[in-house]
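Contents: one structure, followed by commentary.
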Amino acid sequence: MSNAPLVERMLNAAMDRSDETLRAAADNMLELGIPAEVIVDDIIPKTARTMGEEWVQDISSFASVTLGASRLQTLVRELAAKWSADNAASARSAVLLWVPQAAQHTLGATVVSTQLRRRGHSVQFSPGGGLPEFSRALTEGNYDGVIISASMSDSTDEVRNVVDAAKAHQSDLPVIIGGTILKQHDDLPRLTGADFATNDLDKATAAFSAAR
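When we follow our numbering, the leftmost residue of the sequence shown carries the number 13, and every step to the right adds one.
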């Protein structure tokens, strides 16, 4: 069954004047038997894409889209609160999920972080920091791998700087690039020095598990 009516409902709720409307819409979907996983993995990303399209087409303002995206991000965190392996000794692997400093929206990476946790991985999610913050995060944790979630607006030079910092910290640390930047470049490992580029989380985390 298509989730289009649910996407439309969530879109209207996210753009509503009241902050409570979106949470009420999500609660109603849960009451109807729609799993939280479907809301987080399918409905919310589709809603966010629709918001972006409306902004491009001048249907919605940048301010309203930004507010709506922020509300969706908060909803993801609320729905995914139980999917956490961050303090579990049995976590399959420890992942540093990094979003470049210039990123305006981190909703996609937030969804990725919840998907990783649901798979049993411990995740340190660090959005919007610079190289000093990235290096500090590396030294403060013991990671099996790094995922850089980059957008089409991020330069390959910027991403390479992050990869170089990770490899300088630990030369055999797997570094994987994901995100919409993959739509622009098909040779990101060569351009950035990353081990590989993929939006397939199972493929990414298999590399981390092998490195443990």
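Backbone N, C-alpha and C define an ideal beta-carbon position, used for all residues, glycine too.
Residue i to residue j, Cα distance in whole Å?
| i | j | result |
| --- | --- | --- |
| Asn211 | Ser105 | 18 Å |
| Gly191 | Pro112 | 11 Å |
| Pro57 | Gly142 | 26 Å |
| Ser30 | Gly80 | 11 Å |
| Leu109 | Val171 | 13 Å |
| Ala218 | Phe208 | 12 Å |
| His197 | Ser161 | 14 Å |
| Asn40 | Arg89 | 17 Å |
If distances are taken between C-alpha atoms only, which option among the options comes closest to residue i?
| i | options | result |
| --- | --- | --- |
| Arg61 | Ala37, Leu44, Met22 | Met22 |
| Ala206 | Met27, Val124, Lys179 | Lys179 |
| Ala26 | Thr78, Leu213, Arg172 | Thr78 |
| Leu194 | Arg130, Ala93, Ser167 | Ser167 |
| Arg202 | Val19, Ala149, Asp169, Met63 | Asp169 |
| Ser147 | Gln127, Arg129, Asp53, Val175 | Val175 |
Using the Cβ count rule (16 or more neighbours within 10 Å means buried), how would you classify residue i?
| i | result |
| --- | --- |
| Thr122 | buried |
| Thr151 | exposed |
| Ser73 | exposed |
| Gly153 | exposed |
| Gly120 | buried |
| Leu87 | buried |
| Ser125 | buried |
| Ala92 | buried |
| Leu42 | exposed |
Ignoring anything shorter than 4 residues or poking outside the stretch 55-141, list the alpha helix (DSSP H) runs there in chain order.
Runs of the alpha helix (DSSP H) inside the stretch 55-141: 56-68, 74-91, 119-130.
Touching or not, the stretch 176-187 and the stretch 152-163, by the rule of three or more beta carbon pairs under 8 Å?
Taking a cut-off of 8 Å for Cβ pairs, the stretch 176-187 and the stretch 152-163 touch, as three or more such pairs fall below it.
Report the residue ranges of all alpha helix (DSSP H) runs contained in full by the stretch 145-188; include only those spanning at least 4 residues, in chain order.
With a minimum length of 4 residues, the continuous alpha helix (DSSP H) runs that stay inside the stretch 145-188 are 168-181.
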